[in-house]
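The sequence shown maps to residues -18 to -1, 1 to 614 in mature numbering (1 follows the signal peptide of the UniProt record, and there is no 0). Quick reminder that beta carbons are idealized off the backbone N, C-alpha and C, glycines included. None of the values given here were measured: they were computed from a predicted structure. Have a look at the structure below, then the notes.
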Amino acid sequence: MKRLFFYLVVLLGFWSIAQNPSTLYQNWVDAQVNNTEPILPTFSYVGYHNGEVELPTSFSQQVYDVTDALYGAVANDGNSDKDAIMAAIAAAEANPNGGVVFFPPGRFVVNDASVDDPTQVIRVSKSNIVIKGSGSGSGGTELYQKDNTTHPDMATKDWLCPYLFLFWNGEDSANNYITDVIGNADRESFSVEVANASGISEGQWVELYIKDTSSALLTEELSPYTTADLYAPQNLKIVNDGVQVREVHKVVGKNGNVITFKEPIHRAIDATYNWKINNFKVLEEVGIQDLKYTGGFIWNHLHHQAPQELYSGEAKSGPHAYLSSSGWSGIMFNHVVNGWISNVEFSDMSQVAQFKFSAYCTALNNTYTGNPGHNFVTTNSATGCFIGKNVDHTSGVWHGCGVNALSIGNVLWRNEHPQNGNSGMEIHASQPRANLFDVCKGGFFFNQGGSTGALPNHLRHMVLWNFEGVSYQSSDVKSWRPNSETKYAKFLMPIISGLKGFAMSADVNQYQENESPGTHVDEESLYEAQLAYRFGELPSWLNEVLSTTNNDFEVKKTKVYPNPFSLEIRIDNLEGQFNKLLLFDIAGREILTQPLNGLSSIKMQPSCNAPGVYVLKLIGDNTIETYKLIKK
């Protein structure tokens, strides 16, 4: 009965919001038509190959099975397989075409301090290397990190234990300078004039970069606030180190000294400041998928504090806080483009995964189970990454999926976290800009992270779209909380649309826009709306993702396709659980009733001539499943 009520609410809710179009989205559409600067950033170029293709599911590279005698991993024997895994990776990297490092079913120990060096990471340093298991569920592959990694300074800097699996080409954060930027450019435009484009070629990855201590630029960046609105302004990194932006782009055109990027620029360029173009060396086509990753963080998580079950009474930031903060850190991508993490179940981790100095990567359809820890999936000074459909099934990871440092143009899409006050979306300060939290659930404006010296938590153009959840209180929520309330929590005028679950403060400068408070807007997902505008329709890979999950944290086995459809609709994997289907138009009028009588699949040509949105309802004895379909 509870499930029936849930799906009826979803269906009725869909009809009701169909009369609440977003003026912000219309402003964005008008800007595309009129070639003007929109209020909203353009987010439709994020993720693996800019959202143009699905994540890989089959591979042409040679397979390197870690259990092959050449490498020596043995599933389920309780012994460390770390050396065998590194040997298989080395063999794949020796192949000019790369390879698939494959794990058959079973448990593999990836770090055992009794025999392994806990400072040593498992590194992928070449492109076209994929780590692939045999599935994340029962009967699949499990990577078991028995013991934490270590760092020489972890007793005083508890965040430094390295991620065990590292995809990295060896490049540091100082990318090689090419030329200066000499022309201004608007936000969400694609071209920029440089002093000398001779060192730039089409297809090259570059970094649009600034680090400038100009007081005028700082004033512009913090407006309408000033450094006086922040705690201990003399210690602020944005003051002492300067305003910094790092945007990674692919060059697709060159005309004289004007270069054109494939993706939009998200920070307006004033060439009087110190803007540069740097080279950006990358790993490409690397990923990890189809497995379970289990850590060893099994204690009650206390933020930056040792597990009290082991070190009773140890103070915050004490010598064993690293166990909670970073000891069991899973996967890091560094200087990677077009990489992915998909279909991975994480459990008992300090930190799950991070895209650092990377761009246009995707983390899709991952889950967190077991004991909650410090961080879920995040970006760190990354551009255009897509973190979607990641679900926390625990009582709440402290920092939910989010962004850190100079992250710009990233999309957090349909991620779900508990709404119990334990978990807040990560927005960890150090100058992130123009990031989208799209149709996410969980907590916001608390547990966001960020030291006082790294504030604000987020600069301009953070977008909170159709978010549903909780905050530090239910009403009068401030995005920029005054120091009289807290020295933390400083978000610079977010753009908000369709916020449900708590109400923002009406105080001045708490948001740039706050559209439709308490009611979702029609454009359920801003990312989907912009992507459909870019392509003319949603790409098939995204429809596939949308059709395989629902809003109740459960995977739908039923497959409804194609979506959008022209004439015919096919429904597979019904498994005999439904008695009939109903099809409604957007006004709620029933236009088709079809008996199913225990069928496993069906195809039909409904008589819905008008293009638009339709709602399909599958009805069984104990369940109702609801699907939104688009008629072309």
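Item                                                                                                                    : Value
Local Cβ density within 10 Å of Asp374, reported as buried at 16 or more and exposed below that                         : buried
Test item: CB-CB of Glu408 and Gly424 under 8 angstroms                                                                 : no
Span separating the alpha-carbon of Lys614 from that of Pro546                                                          : 6 angstroms
Environment of Leu520 [buried if 16+ CB atoms lie within 10 Å]                                                          : buried
Environment of Ser583 [buried if 16+ CB atoms lie within 10 Å]                                                          : exposed
Asn316 beta carbon near the ligand NAP (any heavy atom closer than 7 angstroms)                                         : The ligand NAP is absent from the structure shown, which contains no ligand whatsoever.
Bridge-paired residues (DSSP) for Ser173                                                                                : Thr242
Presumed contact (8 angstroms Cβ cut-off) between Gln333 and His356, rounded CB distance                                : 5 angstroms
Buried versus exposed call for Glu607 [16 or more other C-beta atoms within 10 Å across all chains shown]               : buried
Span separating the alpha-carbon of Leu598 from that of Asp94                                                           : 51 angstroms
When Glu327, Gly518, Val11, Asn282 are compared against Ser118, the one with the closest alpha-carbon                   : Glu327
Reference Leu346; option with closest CA among Thr530, Val103, Leu388, Ile612                                           : Thr530
DSSP beta-bridge partners of Ile220                                                                                     : Partner(s): none; Ile220 has no beta bridge.
Per-residue DSSP class, three states only, for Ser197                                                                   : helix
Candidates Ile573, Val45, His285, Ser299: closest to Gly431 by CA position                                              : His285
Endpoints, the beta strand (DSSP E) within which Asp162 is located                                                      : 159 to 162
Cβ contact check for the segment 305 to 323 and the segment 142 to 151: 3 or more pairs under 8 angstroms               : yes
Own chain partners of Ser299 with C-beta closer than 6 angstroms, once the 5 adjacent residues on each side are dropped : His286
Leu238 versus His248: straight-line alpha-carbon distance, rounded                                                      : Residue identity check: residue 238 is Gly in the sequence provided, not Leu. Distance between the alpha carbons of Gly238 and His248 is about 23 angstroms.
With 16 other Cβ atoms within 10 Å as the buried cut-off, status of Leu52                                               : exposed
Coarse secondary structure for Leu598, derived from DSSP in three states                                                : strand
Under the three-state DSSP convention, the category Ser40 falls into                                                    : coil
Burial state of Thr540 (16 or more Cβ within 10 Å)                                                                      : buried
8 angstroms contact criterion, which Pro23 and Val445 should meet: CB distance rounded                                  : 7 angstroms
Contact under 8 angstroms by Cβ, Glu203 with Val225                                                                     : yes
In chain order, each beta strand (DSSP E) run of at least 3 residues that lies wholly inside the segment 378 to 414     : 381 to 386, 393 to 395, 406 to 409
Straight-line Cα distance separating Asp98 from Lys64                                                                   : 7 angstroms
Coil, strand or helix - Asp554 by DSSP                                                                                  : strand
Contact check, Gly29 vs Cys367, beta carbons under 8 angstroms                                                          : yes
Touch test, the segment 129 to 139 against the segment 167 to 174, Cβ-Cβ under 8 angstroms, three pairs minimum         : no
Selected residue, minimal CA-CA separation from Phe90, among Ile111, Asp47, Thr101, Trp257                              : Asp47
Nearest to Phe84 (by Cα), restricted to the options Ser40, Gly580, Ser180                                               : Ser40
Three-state class that DSSP yields for Asp211 in the structure shown                                                    : helix
N-terminal and C-terminal residue of the beta strand (DSSP E) that Phe368 is part of                                    : 368 to 370
Residue range of the beta strand (DSSP E) that includes Phe84                                                           : 81 to 84
Assigned secondary structure, Met486 (DSSP; H/G/I helix, E/B strand, else coil)                                         : strand
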